[in-house]
Amino acid sequence: MQVKDLSPAEWPWPLLLDADPSRELIDAYIHQSTVMGLVDGDTAIAVVVLMEREPQGVEVMNMAVAPSYQGKKLGKLLLAAAIERSRQRGIRRMLVGTGNAGIGQLAFYQKMGFRLEAIDRDYFIRTYPEPIFENGIWCRDRVLLSLDL
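Here the sequence shown is numbered in our numbering, starting from 2 and rising by one per residue.
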């Protein structure tokens with residue numbers, strides 16, 4: 002397995018859509034972003050999309066691990082590579098937004114050192130036409146977390 006930048010032809014759309022169910026929203030940011038993948042042979046088994054946001058800042062726009070590879074610390078490996086690359090590029094701050102119902106995601110990012118920063122109330126109601134449910138919870142609010150690099 003190796004971490005590498007993915008070209009548009011290599012973008013793993015099923016994984017990207019696991020993390021964000023709107024192809025239109027992904028299309029709005031992915032072309033201005035860096036797409037990194039954890040690749041096993043010719044197959045991307047994990048993906049992270051990073052977009053520069055502010056001077057010396059980057060946002061994790063999308064991150065997913067293929068279901069059959071989850072629970073093997075591969076997301077941690079890929080995010081650690083993205084953090085290290087950001088540091089090497091002089092990025093000072095990394096942001097990520099996730100749903101209030103994403104209990105696993107909230108735990109994952111905090112274990113990686115991210116801290117709670119803000120809540121964007123009703124973000125998912127404003128942004129997506131259909132309600133999103135995770136863990137039996139209506140995903141209404143976006144929780145923003147940050148990591149100082």
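Virtual Cβ for every residue (Gly too), placed ideally from N, Cα, C.
- Cβ neighbours of Y124 within its own chain (closer than 7 Å, five residues either side excluded): D142 and R143.
- DSSP places S87 inside the alpha helix (DSSP H), whose first and last residues are L75 to Q89.
- A residue is called buried once 16 or more other Cβ atoms fall within 10 Å of its Cβ, and M2, having fewer, is exposed.
- In this structure L39 touches L75 by the C-beta definition: roughly 6 Å separates them, less than 8 Å.
- Residue state for L17 is assigned as helix, using DSSP reduced to three classes.
- Ranked by Cα distance from L78, the first of V66, R88 and Q89 is V66.
- Counting along the chain, A102 sits inside no beta strand (DSSP E), nor does DSSP assign it H or E at all.
- Spanning the alpha carbons of I138 and G100 requires a straight line of approximately 10 Å.
- Beta-bridge pairing by DSSP links N136 to no other residue.
- Inter-residue distance for A20 and L26 is about 11 Å (C-alpha atoms, whole angstroms).
- The stretch 38-77 is shown to contain whole beta strand (DSSP E) runs of 3 or more residues at 44-53 and 58-66, in chain order.
- With respect to V50, M62 sits close: the two C-beta atoms are nearer than 8 Å.
- With a threshold of 16 other beta carbon atoms within 10 Å, I84 meets it and is buried.
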